[in-house]
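In the numbering used here, the protein residues as written are -4 to 588. Backbone N, C-alpha and C fix where the C-beta goes; we use that ideal spot for every residue, glycine too.
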Amino acid sequence: MLFGNLFTKTCTLVRFRINFRRSFLRNLSRTLSVCIAFFLFTQCVRPVYNPEIAFSKAWWETEILECVLSGRCLDSTPPLLSVTNLPSSHEGILESGFIVGTASDDLLLTQVLVSLDGGAYQPAQGAQAWRFIVPSSWKSGSLHTISVKSVDFSGNSSQILNFSVRKGKNKDINGDGIADVAITSSFFSTTKNGEISVFYGIGLGGYNPTNRTMAQTTITGSASSSFGYVLSLGDVNADGYSDLVAGASYEYGGNVGKVYVFYSKGPTGIVATTDANADVVLTNAAADQLGYALSLGDVNGDGITDIAASGYIGSGTVRIYAGSASGVNSTPITSITGPGSNFGSALELGDLNGDGFCDLIVDANTYSGGAGRIYIFHSTGPAGITTTNTASGVALTLTGEAASNNFGMSLQSNDINRDGFEDLTVGAPGYLGNQGAAYVFYGSPTGITAATPTSATPKLTGSTSENFGGFLALGDVNGDGYLDFLSSSSSFAGSMGKISIYHFSGAVISGTPSTVILGEIGGDVYGTAGFSDLNGDGFADLISAAQSNTAGAGKGYIHLSPGGTGITASSPTSGNFIITSSANSAFGSMLTR
């Protein structure tokens, strides 16, 4: 027994020694392999010694040596900086929710800093390609100063760039700092479904669309919906990116109109492809063609854009929907029932009394034998517009000069004369036997004070059967800081169409147009038009369209303003960009402005 135990212990000891030696040799082999590899690497491979590699051993040694010998310690070269969507030579209008630009440094850029209205510098998002979100508290037309600088790793600061800018309407869907364009194809002669083409940054980065199929986003409506009958851009969820709001009046499909809201998804823009992809759908049970007219503005002063939408069937209805950081509330905060007379055939939001809250202007174009009447409702403040009918809460009414004037068929508001109050332009295309007229009413601390249209300063009129005032737009085409005036008539000269632009110098709008552009041929229905600064140079560019051009295909035209003289074209074909379409699409029946 004793012998057996001794034998077992001896065998175990032998096995242990054998295993130990094997393990030791394996570990030794691994250690030797690592040592040999290290020896070969350090002795046979020559490491790169490149002082151009920032913060490498060679870079530090070179910097220290240069510091000792020359007294120049580390980097002393200031970084470079540019702002791409603000003009430095004159006051511009910012049509984006962002200030954007680029910066660079010979070594390492740290950050870009932005000061607003003399306040403390705040960091922008990004460095080489940077952006800075504009405060939502900035009101439309408000004037601001902006200072921008960049700082590198060594503490060197770039030259400070200073700008003076007015806050315009946010039309920048993808946040690149430049206004974008949405154009409707109504397909009026076929499906009447409507289609919206969205173009981001036309002319930038080599993007030169020549056909509507080259749009970055295309959204198709339902059959007979008249999708895109009206369009508007604005930031309704306070993320800095403009969103798209489109009306579908369903005038050929039951009249129960809808308003579709498509949120921008950031730098990718809008990703929807059909109206079914809308983020919010606003509707009304009544068959009143809700979505026949639209306007965007901040009625409750919270810094977020709200939506006013109307339908004119029956008594006529205007509904206001509040925007918020979480999006548009589908329950209206206000619903105004009209007196009939096509109440809601046109509407506009604008701060006419300068209190920081947008007021509401609504047209009833068939009032009093077609003379037309506009109703102005002032915002009450944070509660917005609270009236529910036209029997109370109306600040002012203005009635057309004579029957069939259709006074108020087109409306536009903005601060034309830079006094801090938004002004109102009103079209009456039926004036004086369809000669047509446009009226300018200036805002004041009490709003519009005119008692009749004849009090307008000025009143512009068209030529025989022109239907002047059928479509209105405002924009600073010559960069003098004052908004210039556009009126168009698509029925002029056998529906050839005509656009007239009038300069405003601060004293009075010229009675003679600085620019007149006629459609290519009769039947083009040229005249859908608007202004946007499409290249960030501070000058309003002209976007126009002829929806019946080329057998109903439609065509869009873009004229970039050179500044100074403004737009001097006499033909739409002289545009910097021309966008065509396919037969019967009626491309250009509506566009954002």
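>> In chain order, what are the residue ranges of uninterrupted beta strand (DSSP E) at least 3 long that sit wholly in the segment 389 to 438?
In response: Segments of the beta strand (DSSP E) lying fully in the segment 389 to 438: 391 to 394, 405 to 409, 418 to 423, 432 to 436.
> Around the Cβ of GLY570, are there at least 16 other Cβ atoms within 10 angstroms (buried) or fewer (exposed)?
Replying inline: Label assigned to GLY570: buried.
>> By the three-class DSSP mapping on this structure, what secondary structure does GLU343 have?
In response: Strand, per DSSP.
> Less than 9 angstroms separating the beta-carbons of ASP358 and LEU406?
Replying inline: Contact: yes.
>> Give me, in chain order, the residues of the same chain whose beta-carbon lies closer than 6 angstroms to that of SER483; leave out the 5 immediate sequence neighbours on both sides.
In response: A distance below 6 angstroms between beta-carbons, with the five flanking residues on each side excluded, links SER483 to the following residues of its chain, in chain order: PHE466, ILE494, GLY522, ALA524.
> Secondary structure at GLY365, three-state DSSP: helix, strand or coil?
Replying inline: DSSP places GLY365 in helix when its eight states are reduced to three.
>> Once the 5 residues before and after SER159 are set aside, which same chain residues still bring their CB inside 6 angstroms of it?
In response: Once the five neighbours on either side are set aside, the close Cβ partners of SER159 are GLU86, THR140.
>> In the DSSP output, what is GLU190 paired with across the bridge?
In response: Paired residue(s): SER180, THR215.
>> Just verifying my parser: in three-state terms, what is the DSSP assignment at ASP270?
In response: Residue state, collapsed to three classes: helix.
>> Buried or exposed for TYR195, going by 16 or more other Cβ atoms inside 10 Å?
In response: Buried, since its Cβ has 16 or more Cβ neighbours within 10 Å.
> When you compare only the Cα positions, how much space is there between ALA320 and TYR258?
Replying inline: Whole-angstrom Cα-Cα distance: 12 angstroms.
> Within 10 angstroms of its Cβ, does ALA317 collect 16 or more other Cβ (buried), or is it exposed?
Replying inline: The residue in question, ALA317, is buried, as its Cβ has 16 or more Cβ neighbours within 10 Å.
>> Distance check for VAL254 and GLY214, CA to CA, integer angstroms please.
In response: Note that residue 214 is Ile in the sequence shown here, rather than Gly. If I take the Cα positions, the gap works out to 14 angstroms.
> Comparing alpha-carbon positions, which option in GLN120, SER237, ALA578, LEU291 lies nearest THR185?
Replying inline: Its Cα nearest to that of THR185, the residue ALA578 stands out among GLN120, SER237, ALA578, LEU291.
> Tell me the DSSP bridge mates of LEU75?
Replying inline: Looking at the DSSP assignment, LEU75 forms a beta bridge with SER99.
>> Quick test of the definition: if touching needs 3 or more C-beta pairs under 8 angstroms, does the segment 191 to 205 touch the segment 118 to 130?
In response: As far as the Cβ criterion goes, the segment 191 to 205 does not touch the segment 118 to 130, which means the pair count is below three.
> Between SER527, GLY286, THR57, VAL143, which lies nearest to ALA341 when the distance is taken from Cα to Cα?
Replying inline: ALA341 has its Cα closest to that of GLY286, out of SER527, GLY286, THR57, VAL143.
> What is the rounded straight-line gap between the Cα of ASN295 and the Cα of ILE443?
Replying inline: Per the coordinates, the alpha-carbon of ASN295 lies some 20 angstroms from the alpha-carbon of ILE443.
> Could you give the distance in angstroms between the alpha-carbon of LEU427 and the alpha-carbon of ASN400?
Replying inline: Distance between the alpha carbons of LEU427 and ASN400 is about 7 angstroms.
> Taking the C-alpha atoms as reference points, what is the distance between TYR552 and PRO46?
Replying inline: Roughly 54 angstroms between the two C-alpha positions.
> Would DSSP call SER584 helix, strand or coil?
Replying inline: Residue state, collapsed to three classes: strand.
> How would you write the range of the alpha helix (DSSP H) that PHE148 sits in, first residue to last?
Replying inline: Segment: none, PHE148 is in no alpha helix (DSSP H) and carries neither H nor E.
> If ALA433 and PHE402 are in contact, beta carbons under 8 angstroms, what's the gap, nearest whole angstrom?
Replying inline: Wrong, their Cβ atoms sit about 10 angstroms apart, outside the cutoff.
> Looking only at its own chain, which residues have a Cβ that is under 7 angstroms from the Cβ of TYR44, when we skip the five neighbours before and after it?
Replying inline: Same-chain partners within the cutoff: ALA53.
> In the structure shown, what three-state DSSP assignment does ALA540 receive?
Replying inline: Reduced to three states, the DSSP call for ALA540 is strand.
> In this structure, does DSSP put GLN117 in helix, strand or coil?
Replying inline: DSSP, reduced to helix, strand and coil, places GLN117 within a strand of the structure shown.
>> On a Cα-Cα basis, can you pick out the residue from THR394, ILE538, TYR370 that is closest to ALA386?
In response: Taking each of THR394, ILE538, TYR370 in turn and checking the Cα distance to ALA386, the smallest one comes out for TYR370.
>> Checking 9 angstroms against the spacing of the C-beta atoms, do SER99 and LEU75 come in under that value?
In response: With a cutoff of 9 angstroms on beta-carbon distance, SER99 and LEU75 are scored as near each other.
> Three or more beta-carbon pairs under 8 angstroms between the segment 469 to 478 and the segment 528 to 544, yes or no?
Replying inline: Three or more beta-carbon pairs separated by less than 8 angstroms link the segment 469 to 478 to the segment 528 to 544, which places the two stretches in contact.
>> Rounding to the nearest angstrom, what Cα-Cα distance links SER325 and VAL240 in this structure?
In response: Each residue's Cα considered, the two are about 13 angstroms apart.
>> Would THR329 and THR383 be called neighbours here (beta carbons separated by less than 9 angstroms)?
In response: By the CB criterion at 9 angstroms, THR329 and THR383 fall inside the cutoff.
> Using the beta-carbon count (16 or more within 10 Å), is GLN123 buried or exposed?
Replying inline: Answer is exposed; the Cβ neighbour count stays below 16.
> Within 10 angstroms of its Cβ, does GLU56 collect 16 or more other Cβ (buried), or is it exposed?
Replying inline: With fewer than 16 other Cβ atoms inside 10 Å of its own Cβ, GLU56 counts as exposed.
> Which term fits GLY113, buried or exposed, when burial requires 16 or more other beta carbons within 10 angstroms of its beta carbon?
Replying inline: GLY113 should be labelled exposed.
>> Can you find the residues in the same chain that come closer than 6 angstroms, C-beta to C-beta, to ASP346, ignoring five residues on each side of it along the sequence?
In response: Cβ contact annotation for ASP346 (same chain, cutoff 6 angstroms, sequence separation greater than five): CYS353, GLU417, in chain order.
>> Relative to the C-alpha of PHE436, which candidate in ASP410, GLY425, THR449, LEU419 has its C-alpha closest?
In response: Just measuring C-alpha positions, the residue of ASP410, GLY425, THR449, LEU419 sitting nearest PHE436 is LEU419.
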